[in-house]
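The next block holds one structure in the form of structure tokens; read it before the comments.
There are 2 protein chains.
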Amino acid sequence: MSGERPRPAEATERDMDRKILELFRSRSGGVVSGEALSTLLGVSRTAVWKHIKNLKNLGYRIESVPSRGYRLVASPDILIPAEVSAGISVRRIGTHVVCFRETVSTNTVASHLAAEGAAEGTVVLADAQTGGKGRLGRRWESPPGVNVYCSIILRPPISPLHSPQLTLLSAVATAEAIERTSGLVPAIKWPNDILVNGFKVAGMLNELSAETERVEYLVLGIGVNINMERDQFPGDLRYPASSLALEAGRTVERIPFVRALLESLDRLYDEYLLKGFSPVRDAWLARSAVMGRRVKVDGGAGILAGTVEGIDEIGALLVRTAGGSLERVLAGDVSLEG
Amino acid sequence: MSGERPRPAEATERDMDRKILELFRSRSGGVVSGEALSTLLGVSRTAVWKHIKNLKNLGYRIESVPSRGYRLVASPDILIPAEVSAGISVRRIGTHVVCFRETVSTNTVASHLAAEGAAEGTVVLADAQTGGKGRLGRRWESPPGVNVYCSIILRPPISPLHSPQLTLLSAVATAEAIERTSGLVPAIKWPNDILVNGFKVAGMLNELSAETERVEYLVLGIGVNINMERDQFPGDLRYPASSLALEAGRTVERIPFVRALLESLDRLYDEYLLKGFSPVRDAWLARSAVMGRRVKVDGGAGILAGTVEGIDEIGALLVRTAGGSLERVLAGDVSLEG
């Protein structure tokens, strides 16, 4: 297979950075002596100094405290595994995190990792994407430093026909994370958009590898416009788009957002494996922008109009037409009426 | 990506073999002089002689006719692209054929080729499989020289939810090829078994790579027991199995079978792209072993009993229960009653 591959170079170096950050965070007052760091990490004082310098370069504010050591004053909002994983409480999703400063597409990387056998719950993040993918071959704007581009590998024991259930699950988790970290009230637009105040702030693009009756792996791709500025949106977007910061009127930190997202995903997925689709469906319907509303659906072959009555077990939208028949919509663009 | 990969080495050599066979077949009486072969192929008389020797090693019976040249007396029943493609009439499926004497699994090879961008219609064949795959991780018995193990790459412009339609299409094509080459009357057992006289003679294992709303590629895997002897079946088979030869009481040639299979697939797929699922559904229902019959379905979570009324657009079996409700069955093992 050709194409982009992750380069987990300097894994032990990164591991050392993570351990140093953990030590800072475990101390009240946050001061750790160079000697303690050297002893606890089993490296020389010079090596400790090099790692401190490296962390400062990454944006950490670390002060020297005369005759006492070092103190961590502030952490930057950069996507590195040490920060994403710090203190996160998950069973499966986020136990292994890979971060890129830039990659073609986190979904592409995650698909390659999954094909090579990466464990369920592996998360791929990037600060920027050079070939971010949207629905149906469209582009997903992926400038550096402001948004979240995240892909998660799942291996659910289900038929591929049920895989849209996980798309709905990822939409619910994203909506929860937006609510918890920004205070905004998101709505889910079938099948995979997240709206705030009617503007699209997040989208899902999931990839599937399966045999006829069982999924080999799913990659949940989640793109969220966090701190994107108005002039960073292209003029030709299909839907009116916005970012959490624009809607909330304040900067939203990315690391807490990613942690909230992974925790929601993990909890919902755990519940899904235990209890099936029902809880996800209920949560989805509760946050749905279309439930009970009159809609028009452009399914490519024609336009269907009616009132949304729910979704079925394969994620199809159930639409009651004026004639009284209940239609199952498997794919299409939905617009609200009235 | 690790694992098995095709080695299309000696492509030009094989191409030369194919051209020589075509020349033999284009001549009435089948005699071609060494000089004519040399001139038409643009190679030396020594090279012609080497290729004739090579074809003899492959099992072709080629006679020297004194002062006239060579004559092709008989072709062996071996799976090589030159034989599979000879005189085949297809639009898409079978325009590119790759054959292996032995491989792990033709589905695995085809999936790798598809991921690397192989064209729609590419066909992978093997004389033997060392890791032949059946449904749900089961093994597919794949001894050398007697059966057909075939995988086809498709790139239909459909939603992954509709991909079971292609499983049904491959079952119809396999049933047609069995009928045309053996005279037997096959029946299709939902979702993907082919029965003759109640014995399973063929199975389908399809693999899918997709985004939420569109298929990237499908691999149709088709295994057919052609000339397998009774003592070649393992004792612990899940279903009673047989081969075309055992049921027909005579040897069935593999090359004509593969050609018939690819031609049926090609014709049905062409019709599918033009007219949608309806013709496939009608053909499937006409050959179905379960249509109108009382069945029990073991879907893992429980047993459902009722009468089969058809299949819907995502390939679900429609079963009318004694209580009168119409149930949609997405996965499970079906057994006939009464």
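Here the protein sequences come in this chain order: A and B.
In short: position in the first sequence from 1, add 1108, done, that's the working numbering.
In short: position in the second sequence from 1, add 1108, done, that's the working numbering.
All C-beta atoms in this analysis are idealised placements derived from N, C-alpha and C, irrespective of residue type, glycine included.
This one's a predicted model, so the numbers in the text were calculated from it and none came from an experiment.
Counting only beta-carbon atoms, is residue i nearer than 8 Å to chain A?
i, result
"L1444(B)", "no"
"P1268(B)", "yes"
"R1243(B)", "yes"
"L1316(B)", "yes"
"M1109(B)", "For M1109(B), the predicted model reports a pLDDT of 37, less than 50, meaning its position is unreliable; a value from the coordinates is still stated below. It does: the Cβ of M1109(B) has a partner Cβ on chain A nearer than 8 Å."
Which bits of chain B does residue i rub up against, with CB to CB less than 8 Å?
i, result
"I1422(A)", "L1269, I1422, L1438"
Whose C-beta lies closer than 7 Å to the C-beta of residue i among residues of the same chain, with five residues either side of it excluded?
i, result
"S1110(A)", "Residue placement at S1110(A) is poorly supported in this model, since its pLDDT is 41, which falls under 50; the coordinates are not used for a value here."
"A1119(A)", "Residue placement at A1119(A) is poorly supported in this model, since its pLDDT is 47, which falls under 50; the coordinates still yield a value, given next. None."
"P1184(B)", "L1166, G1167, Y1168"
If we define contact as Cβ-Cβ less than 8 Å, is residue i a contact residue for chain B?
i, result
"R1322(A)", "yes"
"S1172(A)", "no"
Just to confirm my understanding: we take residue i, look at its own chain, exclude 5 residues before and 5 after, and list those with CB closer than 6 Å. What are they?
i, result
"N1305(B)", "E1355"
"V1232(A)", "V1206, T1214, V1217, A1218, S1259"
"L1328(B)", "I1260, S1278, N1314"
"I1188(B)", "C1207"
"L1274(A)", "L1326"
"G1431(A)", "none"
"V1156(B)", "G1142, L1145, S1146"
"R1179(A)", "G1138, V1139, E1171, V1173"
"G1177(B)", "V1139, V1140, S1141, G1142"
Going along chain B in order, which residues have a C-beta closer than 7 Å to the C-beta of residue i?
i, result
"T1275(A)", "T1320"
What does residue i reach in chain A if we use C-beta pairs closer than 8 Å?
i, result
"L1313(B)", "E1319, T1320"
So with CB distances below 9 Å, who are the chain B contacts of residue i?
i, result
"N1300(A)", "T1320, E1321"
To the nearest whole angstrom, what separates the beta carbons of residue i and residue j, a pair I think is in contact under 8 Å?
i, j, result
"E1435(B)", "L1412(B)", "6 Å"
"I1422(A)", "I1422(B)", "7 Å"
"S1351(B)", "N1333(B)", "4 Å"
"V1388(A)", "L1276(A)", "6 Å"
"K1297(A)", "A1397(A)", "5 Å"
"A1234(B)", "T1211(B)", "5 Å"
"G1331(A)", "G1311(A)", "5 Å"
"L1376(A)", "V1442(A)", "Contact flag wrong, Cβ pair sits at about 23 Å."
"K1308(B)", "A1349(B)", "5 Å"
"V1181(B)", "V1256(B)", "Going by Cβ atoms, the distance from V1181(B) to V1256(B) rounds to 25 Å, so no, they are not a contact pair."
Excluding the 5 residues flanking residue i on each side, which residues of the same chain have their C-beta closer than 8 Å to its C-beta?
i, result
"L1163(A)", "D1125, I1128, L1129, I1170"
"R1113(A)", "Since pLDDT at R1113(A) reaches only 43, below the 50 mark, its modelled position is unreliable, and the value read off the structure follows with that caveat. Excluding sequence neighbours, R1113(A) sits near V1217, H1220."
"T1429(B)", "L1412, A1413, G1414, E1435"
"S1175(B)", "none"
"S1433(A)", "none"
- Touch check for the region 1224-1236 of chain A and the region 1196-1206 of chain A: three-plus C-beta pairs under 8 Å? Contact between the region 1224-1236 of chain A and the region 1196-1206 of chain A is established, with three or more Cβ pairs separated by less than 8 Å.
- Contact between the region 1256-1274 of chain A and the region 1315-1323 of chain A: three or more CB pairs below 8 Å? Contact holds: three or more Cβ-Cβ distances are below 8 Å.
- Task: Tell me, please, whether the region 1121-1132 of chain B touches the region 1149-1163 of chain B by the rule of three or more beta-carbon pairs shorter than 8 Å.
- Result: With a cut-off of 8 Å, the region 1149-1163 of chain B and the region 1121-1132 of chain B count as touching, because enough Cβ pairs lie within range.
- Query: Below 8 Å, can you find three or more Cβ-Cβ pairs linking the region 1239-1250 of chain A to the region 1284-1293 of chain A?
  - Reply: Because the criterion of three Cβ pairs below 8 Å is not met, the region 1239-1250 of chain A and the region 1284-1293 of chain A do not touch.
- Taking three-plus beta-carbon pairs below 8 Å as touching, is the region 1391-1404 of chain A in contact with the region 1389-1396 of chain B? At 8 Å Cβ cutoff, the stretches do not touch.
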